[in-house]
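Chemist: In terms of UniProt numbering, the sequence shown opens at residue 1 and continues consecutively.
Glycine residues also receive a C-beta, built at the ideal position from the N, C-alpha and C atoms.
Just so it is clear, the structure is predicted and the values come from calculations on it, not from any experiment.
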Amino acid sequence: MRLLDTRSFELAEFVDNIPKYAILSHTWGAEEVLFDDLQGGRPSTGAGWAKVRGACDLARSRGFAWIWIDTCCINKSSSAELSEAINSMFKWYQLAEVCFVHLADVGWHAHSASCSEKDDQQIRGSRWFTRGWTLQELLAPRKVEFYSGGRWRLIATRSELGAVITSATTIESDYLNNRPLHTASVAQRMSWASRRQTTRIEDTAYSLLGIFGVNMPLIYGEGDKAFQRLQEAVIRQIDDPSIFVWGSISDLDDPMRKSMSSRSLREPLLAPGPHSFENTGDVIPFRILGVESRLHLDHNGITITTPLLKQRPSSGWTRAGTEFFLAPLQCRRKSEPLDCIALYLWGETSGTMEMNYSRASKLLVTVPKTVWLDGDLSSAFIRFMAGQLRYSLGSGFELGCIVRSVPKGYRVTEVYPKIDNFEIRSSIVPFEERIKESYGLSYPAILLLEGSSADPRLALVLQFQYLSRQDSSATKPSFGGSPEWMINRVVIMPKDKNIKEVAGVVRSDAKRWTADEVRKMTNSTMRPGKDSPSSHPPSELELCDKFEVTASQHQAYGPKLFLVDVKDPSAENDSVEARIEGEFQLSRRSEQK
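Next comes the structure, spelled out in structure tokens:
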């Protein structure tokens, strides 16, 4: 820790045996005295130097040989020193003998019970109460004194200004009188910062490290991600679900809640910034005897234990393609001792994966606490971002389809839309968007299959299928956000068309085919023989009924990879999948004992 000598204005560094010191809290202005300014002799002019000299004179008059001032006691050109200082700053303010608050924009008046409202309003209106860094500087020190701008005259102590400070900050008086901050909920502490601003967006998060007793590396340039990282660090340290209580709280019969059906319900689980907690100063956690509810942090979401409440289908406002749930949390408003606050979630399943949940709204509702004992507790994984699956690209799951097998002698010679460096053994055909005018069919991918010169040129038509959702209140069908099946077929290449033109015919067919025709295709497999044409509606493209075309999935390949097999039942077929044969065979668990 580096301190400033109040007589010589020289800096000294201390590792252990730190002497007693005073500390300054202020807002930055023009001409601040920085670390480098004190390396070549003391400055003699400027508003910043006047402030440093005034703080030193005050500290010296109170018997302190040392003072800490952020502008000049940190070498900000060293990123390592800056990171250490910011992570230590709350403790430095906490250990100071006294904190002098310099209100540069407040004139002097001795605060007393007879002070006018105008005087108190001048204090409440000070810029000092709007800055992010000054929150910890208000709460961390044991003793805080407020001084006027200009001549450094004492206005009052923190305890004497308690009512004025509470009015300006919404912080309860107990916390202004050294009540431990850990007794305030996460939502309460966030609310104290909700109206404060910092010059750099990352400092919105970094200025709160001490308020929550957490540490994390500084990454200037990360922007809003800093606040996301802060919340994750808080969840690791503090088991308090009130961190999710940002937004608006209403009752279940509130008209605003019922208007959710007309909105796009996708919200991040964690708040975008402290401003989202402006109305959560009265939210506190609670515990129910015998009921354990813990937060578990994953790399892209949180697992909570909660008595999930599933919405009844007859409620009439479910958005198509979703199942809505309420997830009660063990926190409540102070004014509602019988209730608890619940998140809105929507859930989706992905193939063989378990149910994944996302936050559905900024809106929260109150439900009775008794749900914690009346219902079964569930473990719910809630994604940080809506639409983000629990797995990541690096986890080995792939999205799309792969052609696993083709008749021996055939090869893929061309692909539309073009896939760079396409290799049938390794290339995955990505998901395509749904054709809006069709009944859930995607834009096609066409693979040109060519065999020997005597074999006809064939086109493998690949179409992903978006399944329709049931919604009694909807006037037209709606579809899920990602494909859930495939409709594929092999057609004979017309001599007068290329594969791009074939794709155009497929698109036209998809727009023309009825819902019943598409459903019939969904439940069929293209097999050689007389039943193939009957399962496919009319098209100018001629089906090749020599080959069997199937689509399948396997848990080993993940929930969103489809396997397409094109086989000749009467001949050999080539597969890109490795085989186990020869001297090795799979052993079963029962055989390993």
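1. Which residue marks the beginning of the alpha helix (DSSP H) containing R519, and which one marks its end?
2. How long is the line joining the alpha carbons of R60 and A205, rounded to whole angstroms?
3. Does the contact criterion of 3 or more C-beta pairs under 8 Å hold for the region 61-73 versus the region 3-23?
4. At a cut of 8 Å, does the region 227-244 reach the region 115-127 through at least three beta carbon pairs?
5. Report the option in K567, R359, L563, A556 whose CA atom is closest to the CA atom of F547.
6. Run through DSSP, which three-state label would I18 get?
7. Consult DSSP for Y206 and reduce its assignment to one of helix, strand or coil.
8. DSSP three-state call for N300: helix, strand or coil?
9. Tell me which residues share the same chain as S379 and place their Cβ nearer than 8 Å to its Cβ, disregarding the 5 neighbours each side in the sequence.
10. Mind checking whether L295 and R359 have CB atoms under 8 Å apart?
11. What separation, rounded to the nearest whole angstrom, lies between the Cα atoms of L289 and R312?
12. According to DSSP, is E31 part of a helix, a strand, or is it coil?
13. Which residues in the same chain have their Cβ closer than 7 Å to the Cβ of D531, if we skip the five residues on either side of it in sequence?
14. In whole angstroms, what separates the C-alpha of N75 from that of V15?
15. Please go through the same chain and pick out, in chain order, the residues whose beta-carbon is closer than 7 Å to the beta-carbon of R404, but skip the five residues on each side of it.
16. Exposed or buried, which one is P141 when buried takes at least 16 other CB atoms within 10 Å?
17. For the pair the region 102-109 and the region 32-41, tell me if three or more CB-CB distances fall below 8 Å.
18. Which stretch, first to last residue, makes up the beta strand (DSSP E) that contains N356?
19. Hey, would you say R507 sits closer than 8 Å to P456, going by beta carbons?
20. Between which residues of its own chain and K143 is the CB-CB distance below 6 Å, once the five residues before and five after are set aside?
21. Can you find the residues in the same chain that come closer than 6 Å, C-beta to C-beta, to I402, ignoring five residues on each side of it along the sequence?
22. What is the C-beta distance between Q136 and F90, in whole angstroms, given that I count them as a contact (C-beta under 8 Å)?
23. Using C-beta distances below 6 Å, list every residue in its chain close to D298, excluding the 5 sequence neighbours before and after it, in chain order.
24. Counting C-beta neighbours from all protein chains within 10 Å, is the total for H182 16 or more, i.e. buried, or is it exposed?
25. For V505 and E450, which I take to be in contact (beta-carbon distance under 8 Å), what is that distance rounded to the nearest angstrom?
26. Within 10 Å of its beta-carbon, does P569 have 16 or more other beta-carbons around it, so buried, or fewer, so exposed?
27. Output yes or no for whether 8 Å exceeds the beta carbon distance between Y357 and F325.
28. Helix, strand or coil for M486? Go by DSSP, reduced to three states.
29. Roughly how many whole angstroms lie between the Cα atoms of Q122 and E433?
30. Any idea if V502 is buried or exposed, counting beta-carbon neighbours within 10 angstroms, 16 or more meaning buried?
31. If you follow the beta strand (DSSP E) that K567 is in, where does it begin and where does it stop?
32. Buried or exposed: which applies to G134, given that a residue is buried once 16 or more other Cβ atoms fall within 10 Å of its Cβ?
33. Across which residues does DSSP place Y416 in a beta bridge pair?
34. On the three-state DSSP scale, how would you describe N75?
35. From G221, T45, S438, L458, pick the residue whose C-alpha is nearest to that of E414; which is it?
36. Just the Cα atoms here: how many angstroms apart are I235 and Q463?
Modeler: On the basis of the data shown:
1. 515-522
2. 34 Å
3. yes
4. no
5. K567
6. coil
7. helix
8. coil
9. T303, I304, T305
10. no
11. 30 Å
12. coil
13. Below a pLDDT of 50, predicted positions are generally treated as unreliable, and D531, at 43, falls in that range; no measurement from the model is reported.
14. 16 Å
15. L563, V564, D565, S575, V576, E577
16. buried
17. no
18. 356-368
19. no
20. V98
21. I428
22. 5 Å
23. none
24. exposed
25. The pair is not a contact, with the Cβ atoms about 19 Å apart (cut-off 8 Å).
26. exposed
27. yes
28. strand
29. 59 Å
30. buried
31. 561-567
32. Here the sequence assigns Thr to residue 134, which means Gly is not the residue at that position. Buried, since its Cβ has 16 or more Cβ neighbours within 10 Å.
33. I446
34. coil
35. L458
36. 43 Å
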